[in-house]
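Numbering (full-length UniProt numbering), first residue to last: 1 to 420.
Rendered as structure tokens:
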């Protein structure tokens with residue numbers, strides 16, 4: 001069944017962006033000198049109330065169902081059924097929006113921009129999976145998120161990556177989350193949504209570039225389980241942190257582990273921790289020295305990170321349309337250069353250059369301070385990652401890593417232990 005779905009999906013993806021190659025310029029160049037008024041950019045209107053409520057109710061229903069399948073029925077088949085429903089409804093029918101992954105930006109913009117009123121559905125899609133994760137682990141990732149579901153369809157021959165490579169690639173989502181927060185907080189862009197590799201596929205309107213990225217992720221998904229979820233998803237790192245303190249996380253065995261090792265290779269994302277033998281306890285002096293060293297390294301990494309990223313705050317700010325337009329106007333030479341459409345539109349907007357420059361300067365200032373915070377955050381993540389490598393954890397049984405495990409339930413069918 002999975003192979004059939006994979007073949008059908010590949011055929012579908014191959015024609016999604018065929019029309020892109022055949023497009024021609026069907027509309028004339030706009031004339032800004034003929035009384036045209038530049039429209040005011042606004043956020044898309046939220047979905048109608050009753051339909052938004054249906055989305056939220058279906059989200060709760062799907063989360064409740066898949067949590068029941070995982071924790072009570074311990075059924076991988078139930079997880080697959082729920083994931084297929086989520087892929088069809090939240091993916092193709094709802095076209096990937098509202099999306100819990102992208103809702104991070106809505107929440108950030110609402111916190112930093114008093115004039116923005118976050119849709120209740122977007123807030124619900126951000127909060128509800130976190131609540132379920134706090135109590136039951138990452139059941140949202142297991143099969144309710146359409147981004148994870150579409151990757152699981154293509155997983156045919158999973159291979160394991162080296163631990164060091166997983167650690168390095170695992171830092172990317174933290175950086176991506178920091179950038180997404182910076183751009184959302186400054187009102188610049190929702191980069192998570194703009195560069196979502198699968199939303200264009202769900203909507204059948206992807207550009208060739210985005211289709212190529214999505215196709216690449218799906219091709220990689222054939223061999224590497226959930227590459228987007230593990231090495232890029234910014235919402236995933238938030239769920240990772242919350243899941244670490246989850247009250248009732250998925251357990252491989254329903255009773256005592258018998259050390260049969262059958263689950264060892266069942267997890268395609270290498271989220272099963274093996275037993276670790278008792279080692280000689282580290283002496284108090286050595287432990288103190290290690291703690292002092294880490295206490296010095298982490299703040300230093302935060303300062304260095306903040307300084308390095310702040311030096312690129314102007315480059316980061318160029319994503320903002322106002323900053324980009326102000327820079328273009330500043331370096332525009334009427335004698336040798338032709339006006340772009342953006343400059344033509346600005347001249348008819350009634351706004352002066354001085355006003356634009358002031359707005360641009362304010363945005364650059366926001367990016368300067370935001371870049372310091374972003375760099376400090378990245379330094380903190382690097383420092384804590386180094387600290388995690390030095391920690392020793394004694395473990396008697398095979399256990400799911402509460403942070404990395406996406407509760408896909410694959411390991412459950414390999415465990416011979418029956419529930420008492």
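Every residue, glycine too, gets a C-beta built ideally from N, C-alpha and C.
Here the structure is a predicted model, which is why all the values come from computation and not from measurement.
Whose CA, out of the options, lies closest to the CA of residue i?
{"i": "residue 225", "options": "70, 405 and 394", "result": "405"}
{"i": "residue 253", "options": "96, 57 and 409", "result": "409"}
{"i": "residue 158", "options": "67, 219 and 189", "result": "219"}
{"i": "residue 162", "options": "361, 324, 270 and 398", "result": "270"}
{"i": "residue 172", "options": "227, 272, 388 and 258", "result": "227"}
{"i": "residue 367", "options": "73, 300 and 180", "result": "180"}
{"i": "residue 246", "options": "136, 167 and 190", "result": "136"}
{"i": "residue 78", "options": "277, 142, 98 and 169", "result": "142"}
{"i": "residue 316", "options": "229, 341 and 186", "result": "186"}
{"i": "residue 164", "options": "389, 413 and 412", "result": "389"}
{"i": "residue 261", "options": "58, 56 and 413", "result": "413"}
{"i": "residue 293", "options": "86, 386, 110 and 313", "result": "386"}
{"i": "residue 184", "options": "365, 300, 320 and 415", "result": "320"}
{"i": "residue 425", "options": "324, 268 and 263", "result": "The structure shown does not extend to residue 425, since the chain is modelled only from 1 through 420, so no value can be given for it."}
DSSP three-state call for residue i: helix, strand or coil?
{"i": "residue 240", "result": "helix"}
{"i": "residue 323", "result": "helix"}
{"i": "residue 399", "result": "strand"}
{"i": "residue 315", "result": "helix"}
{"i": "residue 269", "result": "coil"}
{"i": "residue 276", "result": "strand"}
{"i": "residue 96", "result": "coil"}
{"i": "residue 106", "result": "helix"}
{"i": "residue 170", "result": "coil"}
{"i": "residue 342", "result": "helix"}
{"i": "residue 49", "result": "helix"}
{"i": "residue 414", "result": "helix"}
{"i": "residue 370", "result": "helix"}
{"i": "residue 158", "result": "coil"}
{"i": "residue 251", "result": "coil"}
{"i": "residue 310", "result": "helix"}
{"i": "residue 405", "result": "coil"}
Around the C-beta of residue i, are 16 or more other C-beta atoms found within 10 angstroms, so that it is buried, or is it exposed?
{"i": "residue 331", "result": "exposed"}
{"i": "residue 434", "result": "What is shown of the chain runs 1 to 420, which leaves residue 434 out entirely."}
{"i": "residue 50", "result": "exposed"}
{"i": "residue 265", "result": "exposed"}
{"i": "residue 318", "result": "exposed"}
{"i": "residue 209", "result": "exposed"}
{"i": "residue 34", "result": "Because residue 34 carries a pLDDT of 49, less than 50, the predicted location of this residue cannot be relied on, and the following value inherits that uncertainty. So residue 34 ends up on the exposed side."}
{"i": "residue 117", "result": "exposed"}
{"i": "residue 94", "result": "buried"}
{"i": "residue 27", "result": "The predicted position of residue 27 is uncertain, since its pLDDT is 37 and thus under 50; a value taken from the coordinates is nonetheless stated next. Exposed is the call here."}
{"i": "residue 243", "result": "buried"}
{"i": "residue 74", "result": "buried"}
{"i": "residue 216", "result": "exposed"}
{"i": "residue 308", "result": "exposed"}
{"i": "residue 115", "result": "exposed"}
{"i": "residue 121", "result": "buried"}
{"i": "residue 276", "result": "exposed"}
{"i": "residue 168", "result": "exposed"}
{"i": "residue 416", "result": "exposed"}
{"i": "residue 364", "result": "buried"}
{"i": "residue 111", "result": "exposed"}
May I have the straight-line CA-CA distance separating residue i from residue j, to the nearest angstrom?
{"i": "residue 274", "j": "residue 396", "result": "8 Å"}
{"i": "residue 298", "j": "residue 393", "result": "21 Å"}
{"i": "residue 336", "j": "residue 231", "result": "46 Å"}
{"i": "residue 240", "j": "residue 126", "result": "14 Å"}
{"i": "residue 44", "j": "residue 375", "result": "Bear in mind that a pLDDT of 49 at residue 44, under 50, signals an unreliable position, so the model cannot answer this."}
{"i": "residue 291", "j": "residue 178", "result": "27 Å"}
{"i": "residue 432", "j": "residue 380", "result": "Residue coverage of the chain in this structure runs from 1 to 420, which leaves residue 432 outside it and unanswerable."}
{"i": "residue 345", "j": "residue 353", "result": "13 Å"}
{"i": "residue 295", "j": "residue 285", "result": "15 Å"}
{"i": "residue 424", "j": "residue 360", "result": "Shown here, the chain extends from 1 to 420; a query on residue 424 therefore has no answer."}
{"i": "residue 236", "j": "residue 418", "result": "31 Å"}
{"i": "residue 351", "j": "residue 188", "result": "19 Å"}
{"i": "residue 91", "j": "residue 147", "result": "8 Å"}
{"i": "residue 57", "j": "residue 339", "result": "50 Å"}
{"i": "residue 272", "j": "residue 349", "result": "59 Å"}
{"i": "residue 166", "j": "residue 207", "result": "30 Å"}
Could you check whether residue j and residue i sit closer than 8 Å to each other, using their CB atoms as the reference points?
{"i": "residue 250", "j": "residue 400", "result": "yes"}
{"i": "residue 70", "j": "residue 139", "result": "yes"}
{"i": "residue 402", "j": "residue 356", "result": "no"}
{"i": "residue 175", "j": "residue 304", "result": "no"}
{"i": "residue 107", "j": "residue 192", "result": "no"}
{"i": "residue 83", "j": "residue 149", "result": "yes"}
{"i": "residue 144", "j": "residue 66", "result": "yes"}
{"i": "residue 234", "j": "residue 213", "result": "no"}
{"i": "residue 222", "j": "residue 130", "result": "no"}
{"i": "residue 238", "j": "residue 128", "result": "no"}
{"i": "residue 257", "j": "residue 398", "result": "yes"}
Under 8 Å, Cβ to Cβ, is there at least one residue of chain D near residue i?
{"i": "residue 394", "result": "Judged by its chain identifiers, the structure shown contains no chain D, having just a single protein chain."}
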